[in-house]
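Inspection log for the structure reproduced underneath, given as structure tokens.
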Amino acid sequence: GKPHEIKDESTGKIYTAKDIILAPGSVPFVPPGVTVDEKTVYTSDGALELQFVPEWVAIIGSGYIGLEFSDVYTALGSEVTFIEALPNLMPTFDREIAKQAERLLIRDRPIDYRTGVFAAEVTPGIPGEKPVTIKMIDADTKEHVETIEVDAAMVATGRVPNTSNMGLEDMGIETNRGFVAVNDKMQVLTKADGGDVVPNVYCIGDANGKMMLAHAASAQGISAVENIVGRSHEVDHDAIPAACFTHPEIAMVGPTEEQCIERAEKEGWTLGKSQGSFRANSKALAEGEGAGIAKVLYNKDSGKVVAVHIIGIHAADLIQECANAVAAGTTVKELSMMVHTHPTLCEVLDEAFKGAVGMSAH
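Numbered according to this note's numbering, the sequence shown spans residues 14 to 375.
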């Protein structure tokens, strides 16, 4: 194509526009050696159209998607085995939250796991007749470790940009593993490092790889339109919350504690930490859901909230107050004096905010 033109491959029709926003999204990533039939070996797409409840299901990958589906499967009566290539389960989560999640979401359920191994070969089976075979190799040595036979296997190894057939290379746009490089205004760059802006072309959502979440894509789309009409805008990705819809839920905004420690060291500020507990919350106890914590990480020098991580009942709803605080640069002192309704779950956060300034009541 030419600048300002888009070709519809299905009809051959060419559309012209002054500005173009690329929003092709992503597709599930299937590792080499894994054969998907979307019946006994399937991605998250196939899992949503499950024809039967497997007695024993292996989930390859233990990120958001894998964890959410393990919650569903165990609720339906399945046994679950996680297969994770990295040394720890839930590798992208804050470590303290991941340990809590292992205790609340895995330990007391029919779930076991293998870490530090690749599912090198996955062969589909026939429901009720022939099992799925999974051959595992050591992630470091690549030596064969174990072969298991299960009723079904779900591939939850992440997603990749749906950009392969868009002709981007023909327009001089270099992608990295399919991801399109953009600047803070969502303008497409010819390459990630030192690339030039491609005039009038923007890319939002999973395809740019900045934050692969639906609400992040929506925010980026709004931002791109703002920039197109001449109102300069940049999305603050540190202030975008994320959630894992398990029972109980996990939610977070900002970096993990490990990343905060690195950032504080690099930028020369002191990291503060304060926690609130669902055990001390009357509504959580009334709901029979006293497990979990809310952890507030803040800049001790400025008092501003840097990140919040929550595991507990309705964590996905509670995180919004924290995301707003990060976005607005609100300090823990200011938050500690804001009145929270009693009795509500948000008092868990109130406890953490007050604890940050030495006012903790529990």
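All residues carry an ideal CB built from backbone N, CA and C; glycine is no exception.
Since the structure is predicted, the reported quantities are computational estimates derived from the model, not experimental observations.
Flag this pair as yes or no: are the beta carbons of A220 and K204 separated by less than 7 Å?
Their beta carbons are not under 7 Å apart, which means A220 does not touch K204 by this criterion.
Consult DSSP for R108 and reduce its assignment to one of helix, strand or coil.
Here R108 sits in helix by DSSP.
I need the DSSP call for Q64, collapsed to helix, strand or coil.
Correct three-state label for Q64: coil.
From this set, P67, Y311, H17 and M372, which residue's C-alpha is nearest Q272's C-alpha?
Comparing Cα positions, the closest option is Y311.
Tell me the DSSP secondary structure of K313 in three-state form.
If DSSP states are grouped into helix, strand and coil, K313 belongs with coil.
Whose C-beta lies closer than 6 Å to the C-beta of E133 among residues of the same chain, with five residues either side of it excluded?
Note on residue identity: the sequence assigns Ala, not Glu, to residue 133. Correct list, in chain order: G46, K148 and I150.
Does G218 pass the burial test, meaning 16 or more other C-beta atoms within 10 Å, or should it be called exposed?
It counts as buried.
Tell me whether the stretch 151 to 159 and the stretch 294 to 303 touch, counting them as touching only if at least three CB pairs, one residue from each stretch, are closer than 8 Å.
In short, these stretches do not touch, since the Cβ pair count stays below three.
Please name the residue or residues paired with N189 in a DSSP beta bridge.
Paired residue(s): F192.
Can you tell me whether DSSP reads T87 as helix, strand or coil?
Helix, per DSSP.
Would you mind stating whether S83 and I72 have Cβ atoms separated by less than 7 Å?
Cβ atoms of S83 and I72: closer than 7 Å.
Once DSSP output is grouped into helix, strand and coil, what is the label at V339?
Helix at V339.
When the Cβ atoms of the stretch 232 to 240 are set against those of the stretch 278 to 298, are three or more pairs found closer than 8 Å?
Cβ pair count under 8 Å is below three, so no.
Of all the options V158, A256 and G208, which has the alpha carbon lying nearest to the alpha carbon of A98?
Among V158, A256 and G208, the Cα nearest to that of A98 belongs to V158.
Using DSSP's beta-bridge definition, name the partner residues of R127.
Note: R127 sits in a beta bridge opposite I96.
Grouping DSSP H, G and I as helix and E and B as strand, with all else coil, what is A369?
If DSSP states are grouped into helix, strand and coil, A369 belongs with the helices.
Roughly how many angstroms lie between the CA atoms of A169 and G185, to the nearest whole one?
The alpha-carbon atoms of A169 and G185 are separated by roughly 32 Å.
Am I right that V49 and N175 are in contact with their C-beta atoms under 8 Å? What's the rounded C-beta distance?
That pair is no contact at about 16 Å.
A229 and V339 - do their beta-carbons sit closer together than 7 Å?
Against a cut-off of 7 Å, the Cβ pair of A229 and V339 comes out as no contact.
Under a Cβ-count criterion, where at least 16 other Cβ atoms within 10 Å of its own Cβ denotes burial, should R190 be classed as buried or exposed?
Classification for R190: exposed.
Going by DSSP, what residue range makes up the beta strand (DSSP E) through R9?
Any answer about residue 9 is impossible in this case: the structure gives the chain only from 14 up to 375.
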